[in-house]
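Residue numbers -18 to -1, 1 to 350, in mature numbering (1 follows the signal peptide of the UniProt record, and there is no 0), belong to the letters of the sequence shown in order.
Glycine included, each C-beta is placed from N, C-alpha and C at the ideal position.
Predicted model only: the values in this text are computed from it and were never measured.
Everything on this sheet refers to the single structure shown next.
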Amino acid sequence: MKKLISFLMLLVSPYLWANTCEWPQWETFKSVYMEQGRVVDGSDERIITTSEGQSYALFFALVANDPKTFDQVLKWTQSHLAGGDLTARLPAWLWGRKENGQFGVLDSNPASDSDLWIAYSLVEAGRLWNNYYYQTLGHLIASRVLREETVNVAGVGTVLLPAPTGFGADGQYRVNPSYVPLQLIARMQSLYPQYNWDSMYKASVHMLEKTMPTGFSPDWATLRNGRYSSDGVTGPIGSYNAIRTYLWVGMLNDQVSEKAVLVQKMQPFVAATKTLGAPAREVNTETGKYTQAGSAGFSAAALPLLAASDESALLEAQFSRAQNELVMDKNDHYYDNVLSLFGLGWHAERYRFGVQGELLPAWSERCQ
C-alpha cells in the first residue's frame, strides 16, 4: 500500500522531486559527461569540449547550488579556452584532439552565445553566492561581448553576431536567433544600464519576430539592409539550433511584455508538435513543412513553451517522452542531455527567471 501511495503521489505532480535540494539528473550528467571541470562531447572523434558545454555547465552548477563544480568548470575554461585569463580574452569555442594527437584549441574564434551564458552565470553566481570575483569577471566578459561580438545596424540597433570574426562583410550579417535568450540580455540591461544592452534587447526581439514568418524559428538567418531573410549557407532550416529559441522564449517570466506575442507567434511549432507527437527535428521555415520527430531532448526543450501555451495534455505527453526516451552515453547524446537539463529542470521548478532576467533557483528559498 505504501508503494502504491508513493507512486500515485508522483503521478499527481512531476514537481515533487524538485523539493529535494539535490538534483539527481545533474549528478548523473556530471558522472557521464564531465571530467575535472571539462564537459566532454564524445560524439566527435576528436573528443571535443566546446565553450557552449562549459557555459551550460556553469549555469546548471548554479541552479544545483554546486559551487565546487562551478569553480572547477570555470578554472578549466579559463586555463584551456582562454589562455589562462578570461579578463584578457573571450574563450575559444572548440578544444579537442589535434591531428598530431595532442589536445588543445581547435578553433580560437569565440561563440557569443556561450560568452553571454558564461557572463550571466558569473554575475548571478556572484549575487547568489556573494562572490565579488564572479560578479566582476562576469561584468568584464559581458562588456567584451558588447565590444567584440556586436554590430550596430541602422534601423535595427545593436545586433549580436555569432562570433567576433567570420559572420559579417559588406553590410551583410549572418545571425543565429538561438544566440539571444532575452532573459540574459534583460539581466545585463538591468545591471549595466549605461551600456548598449537596451539596444541589443530591442534588436534581439526584432530578430526573433522577423526570422519566423511561418511560426518556426530558423537555425541561421541573414541580415542585410535592415531586413532578415533565409540563410545563404543552410537555407530556411530550423533544427538543432532553433529548438533552443522555443526553449528560451518559453522560460521568459510571464510578466515580460514580449513573451505573449512571441508565444503566440510560435503556435505553429506547438501545432506541429501535437501532430507529430513530438517537436519536429527539421522544419522549412519558409513553407512550414516538417518531417520526422526530434529526439527526447527536443521534447524536454519544448516543455516551457507548451506550458506557456496552456497545452496541458501535450505538455504531459512530452514530459513523459523526454523522461522515458532520454539516453545517457558518454560517447553520444551530449546535446540531448543539456536540452533535457534545461527543460526538465525548469518543468520541475528547480529554477525560474525573474522579470529582469534574474535567476530564481529553488534552493535559494528551500535549501538554506
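How about Asp311: is its Cβ closer than 6 angstroms to a heavy atom in the ligand SAH?
By its list of ligands, the structure shown contains no ligand whatsoever, and the ligand SAH lies outside what it can speak to.
Quick check on residue 359: does DSSP put it in helix, strand or coil?
Nothing can be reported for residue 359, as the shown portion of the chain is limited to -18 through 350.
Which residues does DSSP pair with Pro73 in a beta bridge?
None; Pro73 has no bridge partner.
Please say whether Ser322 and Leu342 have beta carbons closer to each other than 7 angstroms?
no
Let me know the secondary structure DSSP gives Leu342 once reduced to three states.
strand
By Cβ distance below 6 angstroms, which residues in the same chain neighbour Arg334 in space, the five residues on each side in sequence not counted?
Leu342
Could you check whether the segment 235 to 248 touches the segment 181 to 198, counting it as contact only if at least three pairs of C-beta atoms, one from each stretch, sit closer than 8 angstroms?
yes
Which residues in the same chain have their Cβ closer than 7 angstroms to the Cβ of Leu288, if we skip the five residues on either side of it in sequence?
Val252, Leu296, Leu297 and Gln300
What whole-angstrom Cβ distance do Ala43 and Thr51 have, given they're in contact under 8 angstroms?
4 angstroms
Under the assumption that Ser94 contacts Ala74 (Cβ atoms under 8 angstroms), give the Cβ distance between them as a whole number of angstroms.
Contact doesn't hold; Cβ gap of about 13 angstroms is too wide.
Using 8 angstroms as the Cβ pair cut-off and three pairs as the minimum, do the segment 228 to 242 and the segment 160 to 175 touch?
yes
In terms of residue numbering, what span does the beta strand (DSSP E) encompassing Asp89 cover?
Phe85 to Asp89
With 16 other CB atoms within 10 Å as the buried threshold, where does Gln84 fall?
exposed
Around the C-beta of Ser346, are 16 or more other C-beta atoms found within 10 angstroms, so that it is buried, or is it exposed?
exposed
Roughly how many whole angstroms lie between the Cα atoms of Thr216 and Asn223?
12 angstroms
Compute the distance between the beta-carbons of Val157 and Leu229, then report whether it is under 7 angstroms.
no
From which residue to which residue does the beta strand (DSSP E) around Asn313 run?
That residue, Asn313, is in no beta strand (DSSP E); it is neither H nor E in DSSP.
Exposed or buried, which one is Thr140 when buried takes at least 16 other CB atoms within 10 Å?
buried
Taking 7 angstroms as the cut-off, decide whether the C-beta atoms of Ser199 and Gly214 are in contact.
no
Thinking Ser160 and Arg226 are a contact (beta carbons under 8 angstroms), I'd like their distance in whole angstroms, please.
4 angstroms
Secondary structure of Ser211, DSSP reduced to three states:
strand
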